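Numbering of the sequence shown is given in the numbering used here, commencing with residue 4 and proceeding in unit increments.
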Amino acid sequence: MKLLIPLFCALGLIFQTSAQEQKAPSPILFIYDASGSMWGQLDGKTKKEIASEVLATAVNNLPDNQNIGLMAYGHRKKGDCSDIEFLVDLKNASKSQITNAVSGMNALGKTPLARSAAVAINSLKNSNTKATIILITDGIESCDGDICDVVSKAKTEGIDFKLHIVGFGLKESETEQLRCATDAGGGTYYDASNASGLSEGLTEATSQTIDDPKGNFSIFATKNGEPVDAWVKIVKAGTNKEVDGTRTYRDTGWVYLPPGKYKMIVNPLENTKIKGTTINIESIKDKIGHKTVSFDGGKINLLTLNNNEGWDATSKVKTQDGEVVGGSRTYGRTQTIEVNPGTYDIEVMGLRMKGLETKYTIEDVIVEAGKTIEVSHNFKTGIAMIGVKSGETLVDAVVSIKEKISGKNVAGSRTYTSNSSNPREFILNPGIYEVKVSAVKKEYAGKKETFTIEVKQGETATKIIHF
4 MKLLIPLFCA LGLIFQTSAQ EQKAPSPILF IYDASGSMWG QLDGKTKKEI ASEVLATAVN
64 NLPDNQNIGL MAYGHRKKGD CSDIEFLVDL KNASKSQITN AVSGMNALGK TPLARSAAVA
124 INSLKNSNTK ATIILITDGI ESCDGDICDV VSKAKTEGID FKLHIVGFGL KESETEQLRC
184 ATDAGGGTYY DASNASGLSE GLTEATSQTI DDPKGNFSIF ATKNGEPVDA WVKIVKAGTN
244 KEVDGTRTYR DTGWVYLPPG KYKMIVNPLE NTKIKGTTIN IESIKDKIGH KTVSFDGGKI
304 NLLTLNNNEG WDATSKVKTQ DGEVVGGSRT YGRTQTIEVN PGTYDIEVMG LRMKGLETKY
364 TIEDVIVEAG KTIEVSHNFK TGIAMIGVKS GETLVDAVVS IKEKISGKNV AGSRTYTSNS
424 SNPREFILNP GIYEVKVSAV KKEYAGKKET FTIEVKQGET ATKIIHF
C-alpha cells in the first residue's frame, strides 16, 4: 500500500496538470503596425507612443496563463513589403517580453496587411494551433495585397482562428477591406480615433477570443438609414444578470445567447441626442437570431377612457429599466407620444377619480421605427353623493372615505353649506366603502355618523345624513 501512495500522488499531479493545461486559453497573436506613418501625432503624442502604451496596458490585463505572440511589419526597412517578423513566439507567457519588444521598436516601412496576415495564418496552420489574431494598423494596404481575400481563403481551408482588426486613426472610407477581413475571420473591426478608442478596442478584442462560443444573435443599429456605433448589453429576462455584450462599430455586432428570453439594452456611442433603448428578444435553439435597432422614432397613440368615454389622465412612458422617456396629459383625447423604438411600460393615472384602481400600467408596449401603435386603457367608476342636513338646513361636515376591505383611505372633502357641494360628489372605483361624516359647526358639535355604501360602475349612489 505504501508503494501505491506515491503512484497515486504522481497520477493526481498528472491529472491536475492536464486539467490546468485544458483550462489555459488559446494564444493571442498581436500583429503590430510599425510603418512610418506611426510617427504621426494625435493629441500631442505620436501614434507609436499611444499604441505602445495602450498595448502594454491591454497585455498586462490578460490572464496569467495567457500565451501571447507578437509580429510586426515595417520596423526594420523603408519601402520593403517583406519586412515582416515574428518577434515573440506564440508559446510565450511573458507579458514583459511583449511590452519590451513593442516599446523598443522603430517605425520605418510600409503596410503589408495581406502579407502579414498570411504569415500569421500560415504559422497557425503549420503548428496546428488555433489562436486569436489582433491586428493594429493606422493605415491601409500599401503593398497591393487583399487581406480580405487572404482571410477568406484561409477559412475555406479550415484553419482555426479569429481575426480582429483595430483601425487607429483611419477614415471611414478606408475601412471597407478591413471590415471585410474581420467578417471573414469571424471577428470585429474596431474603429479608434484616439487613445481612449484604441484602449476600448483592444480591451474588447482581447475578451472576444477564439475560445468563445460563436455568436448566434446579431445586432445592427441605425439612425435615418445610416449605421450607428452602439454598445449592446444583454441581460436575462426578469433579472439584472448580464449574459453577453458587444459593440457594433457601425457594423454588425454578435453575441452568444443560450435559448431563452432576454432584455437587450442598446445605447448609441455617437450623436448624444439619440437616447438608448431596451428591447425584448428571444434566442431559439439552433437558429441564428437578428435584430436591427433603428433609432428613428416610433409613435404611441394613447387614449384614456372611463366607462368607455374619453377621460382626462396623466401618462408616463418608461423603459424596462424604469427611466421615463415620454408622457402626456390626455384630456380625454388621443395623444401622440414619440419615442425611440423599444419595449415600454405606460403608466396612466386617471384624474378626478378616487379608489384603488386609479392608476394602471400597460406593460410591454412594443414601438417600432416609423410605425404608430394604438394604446388605450378604460377605467371604471361610479358616483357616490354624500350630503348632510339638519331638517332642511345644509350642514357643513367633513367626509372621509375608506375602501372597506383594505381599510385604505381613498377620498375626503367637506360638504359646506352650498347646494353645489352638498351633497358632495365623489367619483370612485366600483366597490364597498366605509364613510365617516363629522359635523364642523359648534351647534352640531359631536355629531358624526359612519356607514357603508356600495358604488357600482356607471351608477350613482346617494346618501343624505340627518343630524
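Glycine included, every Cβ here is placed at the ideal spot set by N, Cα and C.
Here the structure is a predicted model, which is why all the values come from computation and not from measurement.
- A straight line joining the alpha-carbon of Ile-168 with that of Glu-350 spans about 45 Å.
- Collapsing the DSSP output to three states places Glu-177 in a helix.
- Taking one beta carbon from each stretch, the segment 144-156 and the segment 41-51 have fewer than 3 pairs nearer than 8 Å; the two do not touch.
- Secondary structure of Gln-338 (DSSP, three-state): strand.
- For the pair Leu-431 and Ala-387, the Cα-to-Cα distance works out to about 7 Å.
- For Leu-65, the CB contacts under 8 Å within the same chain, skipping 5 residues up- and downstream, are Ile-31, Ile-71, Lys-98 and Thr-209 in chain order.
- Looking at the DSSP output, Leu-45 sits in a beta bridge with Lys-48.
- Inclusion of Thr-280 and Asn-381 in the CB contact set at 9 Å is not warranted, their separation being larger than that value.
- When C-beta atoms of the segment 254-273 are compared with those of the segment 222-229, three or more pairs fall below 8 Å, so the two segments count as touching.
- Taken through DSSP and simplified to helix, strand or coil, Asp-186 comes out as helix.
- When the alpha-carbon of Phe-164 is set against those of Asn-131, Glu-144, Tyr-419 and Thr-178, the nearest one is in Asn-131.
- Pro-216 is classed as exposed because its beta carbon has fewer than 16 other beta carbons within 10 Å across all chains shown.
- Met-108 and Arg-182 have their C-alpha atoms roughly 27 Å apart.
- The beta carbon of Ile-369 is closer than 6 Å to those of Thr-346 in its chain, skipping five residues each way along the sequence.
- Within the same chain, Cβ atoms closer than 8 Å to the Cβ of Ala-198 are found at Leu-45, Asp-46, Lys-48, Ile-53, Glu-56 and Val-57, the five residues on either side in sequence being excluded.
- The beta strand (DSSP E) runs of length 3 or more contained entirely in the segment 94-153 are, from start to end of the chain, 134-140.
- Distance check between Arg-250 and each of Pro-261, Trp-234, Tyr-192 and Tyr-265 places Trp-234 closest, using alpha-carbon atoms only.
- Under the three-state reduction of DSSP output, Gly-434 falls in the strand class.
- In the same chain as Pro-261, and ignoring 5 residues on each side of it, the C-beta atoms closer than 7 Å to its own belong to Ser-286, in chain order.
- The DSSP-derived three-state label of Val-398 is coil.
- About 5 Å separates the beta carbons of Glu-177 and Ile-143, which is inside the 8 Å limit, making them a contact pair.
- Secondary structure of Glu-406 (DSSP, three-state): strand.
- Bridge partners of Ser-297 according to DSSP: Thr-225.
- The shortest CA-to-CA distance from Lys-264 to any of Tyr-252, Lys-239, Met-74 and Gly-373 is the one to Lys-239.
- Of Glu-245, Gly-241 and Glu-273, the smallest CA-CA separation from Asp-232 is found for Glu-273.
- Of the candidates Pro-426, Ser-106 and Thr-135, the residue whose Cα lies closest to the Cα of Gly-189 is Thr-135.
- Under DSSP, Leu-73 forms a beta bridge with Phe-33 and Val-91.
- Note on Ser-379: under 16 other CB atoms within 10 angstroms of its CB, so exposed under the neighbour-count rule.
- CA-to-CA, the gap between Asn-68 and Asp-92 works out to about 15 Å.
- In the structure shown, the three-state DSSP call for Val-443 is coil.
- Across the structure, Leu-127 and Gly-301 are spaced so that their CA atoms are roughly 49 Å apart.
- Excluding residues up to 5 positions away in sequence, Ala-59 and Val-62 lie with their Cβ nearer than 7 Å to the Cβ of Thr-102 in the same chain.
- Just so you know, the alpha carbons of Thr-322 and Phe-454 end up roughly 44 Å apart.
- Annotation for Gly-329: the continuous beta strand (DSSP E) segment containing it runs 327-332.
- For Gly-248, same chain residues with a beta-carbon under 8 Å away, outside a window of 5 residues either side, are Trp-234, Val-235, Lys-236, Ile-237 and Val-258 in chain order.
- Using a Cβ distance threshold of 9 Å, Ile-34 and Ala-75 count as a contacting pair.
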